[in-house]
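Be aware that the sequence shown starts at 45, since it is given in our numbering, and climbs by one per residue.
No residue lacks a Cβ here, since even glycine has one placed at the ideal position from N, Cα and C.
Structure first, commentary second.
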Amino acid sequence: MNPSQLALDFASASREAERLFLQSAGQHRPFFRIVDNANAAAREAENDDIIVVIEPKSPIERATRQFSELLEDVDRSTSSVLWVPSETKRFAGPVVVIANGPHDPCISAAVAIAASAKERLIFVPTMSSMGSLASALDWAKTAGVATTLADAVFHQGDLLLPAHVKAGFLVTGRERAIRRRNLLQVPVLLVSSSLPSPGSETRPSHSGKG
45 MNPSQLALDF
55 ASASREAERL
65 FLQSAGQHRP
75 FFRIVDNANA
85 AAREAENDDI
95 IVVIEPKSPI
105 ERATRQFSEL
115 LEDVDRSTSS
125 VLWVPSETKR
135 FAGPVVVIAN
145 GPHDPCISAA
155 VAIAASAKER
165 LIFVPTMSSM
175 GSLASALDWA
185 KTAGVATTLA
195 DAVFHQGDLL
205 LPAHVKAGFL
215 VTGRERAIRR
225 RNLLQVPVLL
235 VSSSLPSPGS
245 ETRPSHSGKG
């Protein structure tokens, strides 16, 4: 493996991921700063930053010490994390959000992404939030986002969605990190639990260094 070529490939992939994410974020892009300088950036990232992790396509690259150390630094951070799998089976489709209640910060991120991408938003409530998402559904409707509810199951760290749910993007909290995210084959945004909840502000805001 040529280390120089690997670095160039990673830099190119990082720029493409940033471009696609900012395109999806639309009018919300000033609230985000994309951090893509591997280990150092993961260690320095703040609560309101988003760390983009692009899974290498090659199993050899996924097994490198550099990538393992990057994942360790990301796990130790308190930032939100955008996980881009090596193989993405869908480039469009509904945004699925796993919501722990109407004030879950995941909801503000999911509504913003769904509104900008003009996609449907599928709420997957946890057991503790069943029946408490009425205000979140109304908020999404006000933003012009169509919504539905769906059930899901977590089994040994894996998310099992119903067969009819064809997600294009998943939003969930970091405390509910998915052990084998690559099995979903869609981008996954793991939202920092340190972000303010939608209910604590007059409007959702992710303040970053634009």
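Once DSSP output is grouped into helix, strand and coil, what is the label at residue i?
i           : result
residue 75  : Residue confidence is low: residue 75 scores 49 on pLDDT, short of 50, so the model does not pin down where it sits. Its coordinate-derived value is still stated next. Looking at residue 75 - three-state DSSP - the assignment turns out to be helix.
residue 183 : helix
residue 109 : helix
residue 92  : coil
residue 136 : coil
residue 177 : coil
residue 118 : helix
residue 80  : Only weak support exists for where residue 80 lies, its pLDDT of 48 falling under 50; the coordinates are left without a value.
residue 102 : coil
residue 209 : coil
Going by DSSP, what residues sit across from residue i in a beta bridge?
i           : result
residue 169 : 143
residue 216 : 234
residue 127 : 97, 232
To the nearest whole angstrom, what separates the beta carbons of residue i and residue j, a pair I think is in contact under 8 Å?
i           : j           : result
residue 126 : residue 233 : 5 Å
residue 123 : residue 236 : 6 Å
residue 159 : residue 188 : 6 Å
residue 143 : residue 177 : 6 Å
residue 146 : residue 180 : 5 Å
residue 95  : residue 121 : 6 Å
residue 192 : residue 185 : 12 Å between Cβ atoms; not a contact.
residue 99  : residue 128 : 6 Å
Could you give the first and the last residue of the continuous beta strand (DSSP E) run that contains residue i?
i           : result
residue 192 : 191-193
Along the alpha helix (DSSP H) that carries residue i, what are the first and last residues, could you check?
i           : result
residue 152 : 149-161
Just checking residue i against the ligand PLP - is the residue's beta carbon closer than 7 Å to any of the ligand's heavy atoms?
i           : result
residue 156 : Absence of the ligand PLP is noted for the structure shown, with no ligands found whatsoever.
* Touching by the beta-carbon criterion (3+ pairs, under 8 Å), the stretch 131-149 and the stretch 160-171 -> yes
* May I ask you to verify whether the stretch 204-217 touches the stretch 148-159, counting CB pairs closer than 8 Å and requiring at least 3? => yes
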